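Participant:
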Amino acid sequence: MMALRTSLSRAWWRTTAFRLTAIVAALFTIISLAGLTAVYWQISSVVTRKLAKNVFDEARHIESLNRQQLADHLRFRLSEAGRTHDSWLYALTAGDQKLIVAGNLGKWPSELDVRGQARVFRYTARDGRENLAVGASVNLKDGRQLLVAQHAGILRGLGQSIIWWLLIGAALVLASSVIIGLGLSQFVLARIRAMMQTSQAIMTGDLSQRLQLAGTHDELDDLAMNLNEMLARIEQLMAGFREVSDNIAHDLKTPLNRLRNKAEDALSHEQSEEAYKKSLTEILDEADQLIRVFNSLLQVARLEAGAVDKNKTEFDLSQLVQDLVEFYEPVAEESGAKIEYHGESHLLFKGNRQLVGQALTNLIENALKYGGARSTNSDMIEPAEIDVSVSRTESGVRLSVGDRGPGIAVEDRDHALRRFGRLDQSRSLPGTGLGLSLVGAVARLHDGQIELASNEPGILVYLDLPT
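Using the numbering used here, you'd call the opening residue of the sequence shown number 6 and step up by one each time.
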């Protein structure tokens, strides 16, 4: 309970939703940075190539001029330098790069030591600010060197714009991620709080509680649906457990009382040796019946837990059914009942032969015990008429045992398949109430199922086993 209370009061910034939002925001920022950087390099590369082409065109033009034409051209370009955005930069040396005799650059850039290649370099403008330019060196015919460059302030402006927009974008992403993360966290926390409050109610013993669905059809709704199905199953199992406990108390109380009464009667009265032997025999019979009940209960439990030998072998199922019908024919004749077999021959099935045989034995014994029809003129029970058959289906094989008795009402059939699921009209007859439960366990062990249907009149039990 302490852990649950701590979870309910957890800070929103420690929630999974907020952390996921923060991670997504960080990834988005990194991707945005990488994308803007790629855009910057692409644009700067295009601008640099364009400026480099202009520089080489200017250099080729200058190489074709004589000394006077060069002086006039430089004078014209330098006079325009302060009035245009594509200002040209020049540095004329007398052969030594350290001695600049003309131009509007005060220092030869070290990036342009190699002739014939355009380079981006930094220079200090007249106003003292650092700028960028793209330039190349030209060897004149008279042996002098000329630096030809074009102002590339657009590159600096582009870089500053990228950084500015990146900062703005990061701030927006951060702010929006906090807002979205807070909203998601509160939304998710509200749903989780409701789930945990419901779970606390369930922990107190109220298994009828169910988790509320938000109707968003998201993962939390899927989780709530699965948990609700699990709770329904647990509630059903607990109800079955209580019912089994009640049935055990009811069905075992009677033989235990008879056992005690017989022992008490034998002790309280002087009897002959034969009478004592008869009382002891009756006590042993009652004890054997109790042992059979517990053995059946243990066997059903072991089958449902899968704690049995699952080694499956192929055998002739139709021959097994015929053998059991022939075995029970004398028993049926003694009580005036009739048992018949209808089915295919040489029907092979791979499974646990002993368990399948025991399941069919339980069905036949149930039919012999409860399958007699009540006479219309009296309360006498007429002898049972039992039909046993086996046939092949699309998915496997089907065993069926039908009788002409009173049958089982539709609303009572689920109850009849449970442990100790005896109906009121059968409680006066001997039995454990575990026969159909054991058959169902055998069916589930073979990935099959048991089904009860009306035989009009009587009950028809189907045992479907896949191959």
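Ideal Cβ placement from N, Cα and C applies to all residues, glycine included.
Remember, it's a predicted structure, so these values are computed and weren't measured experimentally.
Using the Cβ count rule (16 or more neighbours within 10 Å means buried), how would you classify Q359?
Facilitator: The sequence position of residue 359 within the sequence shown is 354, counting from 1. The residue in question, Q359, is exposed, as its Cβ has fewer than 16 Cβ neighbours within 10 Å.
Participant: Is P114 helix, strand or coil by DSSP?
Facilitator: Mapped onto the sequence shown, residue 114 falls at position 109. Note: P114 maps to coil in three-state DSSP.
Participant: Does the beta-carbon of T286 have 16 or more other beta-carbons within 10 angstroms, so that it is buried, or is it exposed?
Facilitator: For the purposes of this step, residue 286 is taken as the residue at position 281 of the sequence shown. By the 10 Å Cβ count, T286 comes out exposed.
Participant: Does H156 pass the burial test, meaning 16 or more other C-beta atoms within 10 Å, or should it be called exposed?
Facilitator: One-based indexing of the sequence shown puts residue 156 at position 151. So H156 counts as buried.
Participant: Helix, strand or coil for R423? Go by DSSP, reduced to three states.
Facilitator: Locating residue 423 in the sequence shown gives position 418, where the first residue counts as 1. Of the three classes helix, strand and coil, the one that applies to R423 here is coil, per DSSP.
Participant: Secondary structure at R432, three-state DSSP: helix, strand or coil?
Facilitator: Position 427 of the sequence shown, counted from the first residue, corresponds to residue 432. Confidence is the limiting factor: at R432 the pLDDT is only 49, short of 50, which leaves the residue's position unreliable and the question unanswerable from this model.
Participant: Nearest-angstrom Cα distance between E331 and V393?
Facilitator: One-based indexing of the sequence shown puts residue 331 at position 326. One-based indexing of the sequence shown puts residue 393 at position 388. Approximately 11 Å, taken between the alpha carbons.
Participant: Do the stretch 405 to 415 and the stretch 271 to 288 make contact, defined as three or more Cβ pairs closer than 8 Å?
Facilitator: Counting Cβ pairs under 8 Å, fewer than three are found: no touch.
Participant: Can I401 and T472 be called in contact, C-beta distance under 8 Å?
Facilitator: Position 396 of the sequence shown, counted from the start, is the residue given in the question as residue 401. Position 467 of the sequence shown, counted from the start, is the residue given in the question as residue 472. First, the residue type needs correcting, since residue 401 is Gly and not Ile in the sequence shown. Yes; because the gap between Cβ atoms is below 8 Å, this pair is in contact.
Participant: Give the straight-line distance between the Cα atoms of Q165 and N144, rounded to the nearest whole angstrom.
Facilitator: Numbered from its first residue, the sequence shown carries residue 165 at position 160. Numbered from its first residue, the sequence shown carries residue 144 at position 139. Straight-line Cα distance between these residues: approximately 35 Å.
Participant: Assuming E135 is part of the beta strand (DSSP E), what are its boundary residues?
Facilitator: By 1-based counting over the sequence shown, the position of residue 135 is 130. Unbroken beta strand (DSSP E) run through E135: 135 to 144.
Participant: Using the rule of at least 16 other Cβ atoms within 10 Å of the residue's Cβ for burial, across every protein chain shown, is N300 buried or exposed?
Facilitator: In the sequence shown, residue 300 corresponds to position 295, counting from 1. Burial call: exposed.
Participant: I need the DSSP call for K343, collapsed to helix, strand or coil.
Facilitator: Here residue 343 refers to the residue found at position 338 of the sequence shown. The answer is strand: DSSP assigns K343 an E or B state.
Participant: Can you tell me which of the three DSSP states K282 falls into?
Facilitator: Along the sequence shown, read from residue 1 onward, the residue named residue 282 stands at position 277. K282 falls in the helix class under three-state DSSP.
Participant: Quick check on DSSP: helix, strand or coil for L172?
Facilitator: On the sequence shown, residue 172 is found 167 positions in, with the first residue counted as 1. Of the three classes helix, strand and coil, the one that applies to L172 here is helix, per DSSP.
Participant: Taking L79 as the reference, which of M208, G140, V153, I35 has the closest Cα?
Facilitator: Counting from one through the sequence shown, the residue named residue 79 turns up at place 74. Answer by Cα proximity: V153.
Participant: Are the stretch 342 to 354 and the stretch 315 to 322 touching by the rule of at least three beta carbon pairs closer than 8 Å?
Facilitator: Touching, yes.
Participant: If you follow the alpha helix (DSSP H) that L83 is part of, which residue opens it and which one closes it?
Facilitator: The sequence position of residue 83 within the sequence shown is 78, counting from 1. 72 to 85 is the extent of the alpha helix (DSSP H) around L83.
Participant: Taking the continuous beta strand (DSSP E) assigned at V106, which residues delimit it?
Facilitator: Taking the sequence shown and counting its residues from 1, one reaches residue 106 at position 101. It spans 105 to 108 - the beta strand (DSSP E) in which V106 sits, taken as one unbroken run.
Participant: Could you check how far apart the C-beta atoms of L264 and I296 are, in whole angstroms? I think they sit under 8 Å.
Facilitator: Reading the sequence shown from its first residue, position 259 is the one you call residue 264. Reading the sequence shown from its first residue, position 291 is the one you call residue 296. Not a contact, Cβ separation roughly 12 Å.
Participant: Tell whether a beta-carbon distance below 8 Å holds between Y467 and R403.
Facilitator: The residue labelled residue 467 in the question sits at position 462 within the sequence shown. The residue labelled residue 403 in the question sits at position 398 within the sequence shown. Yes; because the gap between Cβ atoms is below 8 Å, this pair is in contact.
Participant: Does the stretch 169 to 188 touch the stretch 198 to 209, meaning 3 or more C-beta pairs lie closer than 8 Å?
Facilitator: Output reads no: the stretch 169 to 188 does not touch the stretch 198 to 209.
Participant: In whole angstroms, what is the alpha-carbon distance linking R418 and L457?
Facilitator: For the purposes of this step, residue 418 is taken as the residue at position 413 of the sequence shown. For the purposes of this step, residue 457 is taken as the residue at position 452 of the sequence shown. Those two C-alpha atoms are separated by around 7 Å.
Participant: Indicate whether H451 and G356 have their beta-carbon atoms separated by less than 8 Å.
Facilitator: Sequence index remark: in the sequence shown, residue 451 carries index 446 (1-based). Sequence index remark: in the sequence shown, residue 356 carries index 351 (1-based). A contact, by the Cβ cut-off of 8 Å.
Participant: Report, in whole angstroms, the separation of the C-beta atoms of A372 and A389, which I expect to be a contact under 8 Å.
Facilitator: In the sequence shown, the residue the question calls residue 372 occupies position 367. In the sequence shown, the residue the question calls residue 389 occupies position 384. Confirmed, Cβ separation roughly 6 Å.
Participant: For V1, count the other beta carbons within 10 Å of its own beta carbon; 16 or more makes it buried, fewer makes it exposed. Which is it?
Facilitator: It is not possible to answer for residue 1, since the shown part of the chain is limited to 6 through 472.
Participant: On the three-state DSSP scale, how would you describe Q217?
Facilitator: Within the sequence shown, the letter at position 212 stands for residue 217. Of the three classes helix, strand and coil, the one that applies to Q217 here is coil, per DSSP.
Participant: If S142 sits next to L117, beta carbons under 8 Å apart, how far is it from one beta carbon to the other, in whole angstroms?
Facilitator: Position 137 of the sequence shown, counting from 1, holds the residue named residue 142. Position 112 of the sequence shown, counting from 1, holds the residue named residue 117. With 8 Å as the limit, S142 and L117 qualify as a contact, their Cβ atoms being about 5 Å apart.
Participant: Can you tell me whether G407 is helix, strand or coil according to DSSP?
Facilitator: For the purposes of this step, residue 407 is identified with residue 402 of the sequence shown, where counting begins at 1. Reduced to three states, the DSSP call for G407 is strand.
Participant: Using DSSP with H/G/I as helix, E/B as strand and the rest coil, what is S350?
Facilitator: Translated into positions along the sequence shown, residue 350 becomes position 345. It is coil, neither helix nor strand.
Participant: Is it buried or exposed, V44, if we count other Cβ atoms within 10 angstroms and call 16 or more buried?
Facilitator: Within the sequence shown, the letter at position 39 stands for residue 44. So V44 ends up on the exposed side.
Participant: Decide if I464 is buried, meaning its Cβ has at least 16 other Cβ atoms within 10 Å, or exposed.
Facilitator: The sequence position of residue 464 within the sequence shown is 459, counting from 1. That one is buried.
Participant: Using the Cα positions of L422 and Y346, report the straight-line distance between them to the nearest angstrom.
Facilitator: On the sequence shown, residue 422 is found 417 positions in, with the first residue counted as 1. On the sequence shown, residue 346 is found 341 positions in, with the first residue counted as 1. The straight-line gap from Cα to Cα measures roughly 24 Å.
Participant: So, helix, strand or coil for H66, using DSSP?
Facilitator: Mapped onto the sequence shown, residue 66 falls at position 61. If DSSP states are grouped into helix, strand and coil, H66 belongs with the helices.
Participant: Determine the contact status of I185 and L212, defining contact as a CB-CB distance below 8 Å.
Facilitator: Indexing the sequence shown from 1 puts residue 185 at position 180. Indexing the sequence shown from 1 puts residue 212 at position 207. In this structure, L212 does not lie closer than 8 Å to I185 by Cβ.
Participant: Per DSSP, what are the beta-bridge partners of D226 in this structure?
Facilitator: Within the sequence shown, numbered from 1, the residue matching residue 226 stands at position 221. Per DSSP, none; premise fails for D226.
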